[in-house]
Amino acid sequence: DVKVTQSSRYLVKRTGEKVFLECVQDMDHENMFWYRQDPGLGLRLIYFSYDVKMKEKGDIPEGYSVSREKKERFSLILESASTNQTSMYLCATSLGDSGANVLTFGAGSRLTVL
Amino acid sequence: AQSVAQPEDQVNVAEGNPLTVKCTYSVSGNPYLFWYVQYPNRGLQFLLKYITGDNLVKGSYGFEAEFNKSQTSFHLKKPSALVSDSALYFCAVRDWGNYGQNFVFGPGTRLSVLP
Numbered sequence: 001d002v003k004v005t006q007s008s009r010y011l012v013k014r015t016g017e018k019v020f021l022e023c024v025q026d027m028d029h030e031n032m033f034w035y036r037q038d039p040g041l042g043l044r045l046i047y048f049s050y051d052v053k054m055k056e057k058g059d060i061p062e063g064y065s066v067s068r069e070k071k072e073r074f075s076l077i078l079e080s081a082s083t084n085q086t087s088m089y090l091c092a093t094s095l096g097d098s099g100a101n102v103l104t105f106g107a108g109s110r111l112t113v114l
Numbered sequence: 115a116q117s118v119a120q121p122e123d124q125v126n127v128a129e130g131n132p133l134t135v136k137c138t139y140s141v142s143g144n145p146y147l148f149w150y151v152q153y154p155n156r157g158l159q160f161l162l163k164y165i166t167g168d169n170l171v172k173g174s175y176g177f178e179a180e181f182n183k184s185q186t187s188f189h190l191k192k193p194s195a196l197v198s199d200s201a202l203y204f205c206a207v208r209d210w211g212n213y214g215q216n217f218v219f220g221p222g223t224r225l226s227v228l229p
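As they're listed, the protein sequences go chains Z and W. Residues 1 to 114 in our numbering are what the first sequence spells out, letter by letter. Residues 115 to 229 in our numbering are what the second sequence spells out, letter by letter.
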C-alpha cells in the first residue's frame with residue numbers, strides 16, 4: 001500500500017510566522033496535492049504537482065506556496081501565517097494521468113494560527 | 115464547471131438498518147465519480163468509484179453506490195449499517211480542468227449509526 005506521511009499532525013503558530021508542512025510518499029506516484037479541509041466546505045485544492053519542480057495552482061492558492069524538489073516530497077509553505085489559515089491540511093497522491101486513478105491521503109495536519 | 119452537492123449535512127440511522135448518503139453532481143462530459151470516507155482523526159480513504167459500465171458499483175466495507183445518469187446522482191448505500199460506519203463521507207467528481215488531475219469534492223455528510 002502507498003503510504004503518505006505528513007510530518008506534523010498538530011501545529012500551533014502565531015500570526016506572521018512562516019509555516020512548513022511536509023508530505024512524503026513511499027511509492028512512485030507522479031502527482032501530489034495539497035488540500036484544505038474546512039467544515040461545510042469539503043476539500044479545496046491549494047496546489048498540485050504532476051512532476052518534480054512542476055506546480056500548478058488550485059482553487060485557493062493565495063497565501064500559500066509549494067516546493068517539489070524530489071519526487072517523493074511535496075511541501076506546503078505559508079509565508080506569513082494568518083488566522084484565516086487555521087484549518088486541516090491534507091496531502092494526497094495519485095499515480096499517472098488516468099482519470100480513473102484514485103487519491104491516497106495522508107492523515108492530515110491540523111494547523112491553528114493564533 | 116464541475117460541482118458536487120451532498121444535500122444532507124447529517125444522516126442518522128440505527129444499527130442494522132439500511133443507509134443512504136446522497137450525492138448529486140454536475141459535469142460536462144462523462145462523469146468519473148468517487149466516494150471517500152474519513153474516520154475521526156484520520157485522512158480520507160477511498161471507498162469506491164464509477165468510471166463506466168454497470169450502474170451499481172461495489173466497494174470496500176460492504177458499501178455500494180448507484181450511478182443514475184438521468185438524475186445525475188451517485189448515492190452511497192449499505193444494506194445493514196454498523197456503528198463502525200460512523201464517519202464523514204465525501205462524494206467527488208473528476209475535474210477535467212487542471213490537467214484532469216483534480217477532484218471536486220462535496221461538502222461532506224456526517225453519518226451517525228446509533229446502537
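Even for Gly, the Cβ is constructed at its ideal location relative to N, Cα and C. Since we're looking at a predicted model, the values are computed, not measured.
Listing by chain order, which chain Z residues have their CB less than 8 Å from the CB of residue 204 of chain W? Within 8 Å Cβ-Cβ: 42, 43.
Under three-state DSSP, which class holds residue 185 of chain W? Residue 185 of chain W: coil per DSSP, three-state reduction.
With burial defined as no fewer than 16 other Cβ atoms inside 10 Å of the residue's Cβ, what is the status of residue 38 of chain Z: buried or exposed? Exposed, since its Cβ has fewer than 16 Cβ neighbours within 10 Å.
Please list, in chain order, all residues of the same chain as residue 165 of chain W whose beta carbon is under 7 Å from its beta carbon, the five residues on each side excluded. Excluding five sequence positions before and after residue 165 of chain W, the CB atoms of its chain that fall closer than 7 Å to its own CB belong to 146, given in chain order.
Considering only residues of the same chain and omitting the five flanking positions on each side of residue 148 of chain W, which have a CB-CB separation below 6 Å? Excluding positions up to five away in sequence, the list reads 163, 206.
Less than 7 Å between the C-beta atoms of residue 123 of chain Z and residue 68 of chain Z, yes or no? Past the edges of chain Z, shown from 1 to 114, lies residue 123 of chain Z, and the structure says nothing about it.
Nearest-angstrom beta carbon gap, residue 134 of chain W and residue 191 of chain W [assumed within contact, 8 Å]: Taking C-beta atoms under 8 Å as the contact rule, residue 191 of chain W and residue 134 of chain W qualify, at a distance of about 5 Å.
For residue 158 of chain W, the residue or residues it bridges with in DSSP: W:152, per the DSSP bridge assignment.
8 Å contact criterion, which residue 225 of chain W and residue 199 of chain W should meet: CB distance rounded: With 8 Å as the limit, residue 225 of chain W and residue 199 of chain W qualify as a contact, their Cβ atoms being about 6 Å apart.
Out of Z:112, Z:91, Z:109, which one is the CA nearest neighbour of residue 4 of chain Z? Cα-wise, what sits closest to residue 4 of chain Z is Z:91.
Just confirm the distance between the C-beta atoms of residue 202 of chain W and residue 222 of chain W, as a whole number of angstroms; I'd bet it's less than 8 Å. About 5 Å separates the two Cβ atoms, so the contact holds.
Any heavy atom of the ligand SAH closer than 6 Å to the Cβ of residue 10 of chain Z? This structure does not include the ligand SAH; it has no bound ligands of any sort.
From Z:40, Z:75, Z:62, Z:54, residue whose alpha carbon lies closest to that of residue 106 of chain Z: Nearest of Z:40, Z:75, Z:62, Z:54 to residue 106 of chain Z, Cα basis: Z:75.
Along the region 140-171 of chain W, where does the CB come closer than 8 Å to a CB of chain Z? Name the residues. Cβ contacts with chain Z come from 146, 148, 150, 155, 156, 157, 158, 159, 160, 163, 165.
Would DSSP call residue 168 of chain W helix, strand or coil? Reduced to three states, the DSSP call for residue 168 of chain W is coil.
Quick one: which residues of the region 71-89 of chain Z get their C-beta closer than 9 Å to a C-beta of chain W? List them in chain order. For the region 71-89 of chain Z, which is checked against every Cβ of chain W, not one residue is closer than 9 Å.
Comparing the C-beta of residue 176 of chain W with each C-beta of chain Z, is any distance below 7 Å? Cβ-Cβ to chain Z under 7 Å: no for residue 176 of chain W.
Interface residues of chain W facing residue 103 of chain Z [CB-CB closer than 9 Å]: Going along chain W in sequence order, the residues near residue 103 of chain Z (Cβ under 9 Å) are 148, 150, 158, 160, 206, 217.
Ignoring anything shorter than 3 residues or poking outside the region 42-110 of chain Z, list the beta strand (DSSP E) runs there in chain order. Counting only runs of 3 or more, we get 42-49, 65-70, 73-78, 87-94.
Need the endpoints of the beta strand (DSSP E) that residue 14 of chain Z sits in, please. No beta strand (DSSP E) contains residue 14 of chain Z, which DSSP labels as neither H nor E.
With distances taken from CA atoms, which of Z:113, Z:108, Z:112 is nearest residue 22 of chain Z? The residue among Z:113, Z:108, Z:112 with its C-alpha nearest the C-alpha of residue 22 of chain Z is Z:108.
What did DSSP end up calling residue 199 of chain W once you bin it into helix, strand or coil? Under the three-state reduction of DSSP, residue 199 of chain W is assigned to helix.
Going along the chain, which residues of the region 4-22 of chain Z sit with their C-beta nearer than 7 Å to a C-beta in chain W? Interface annotation for the region 4-22 of chain Z against chain W: empty, criterion Cβ-Cβ distance under 7 Å.
Would you mind stating whether residue 26 of chain Z and residue 44 of chain Z have Cβ atoms separated by less than 7 Å? Contact: no.
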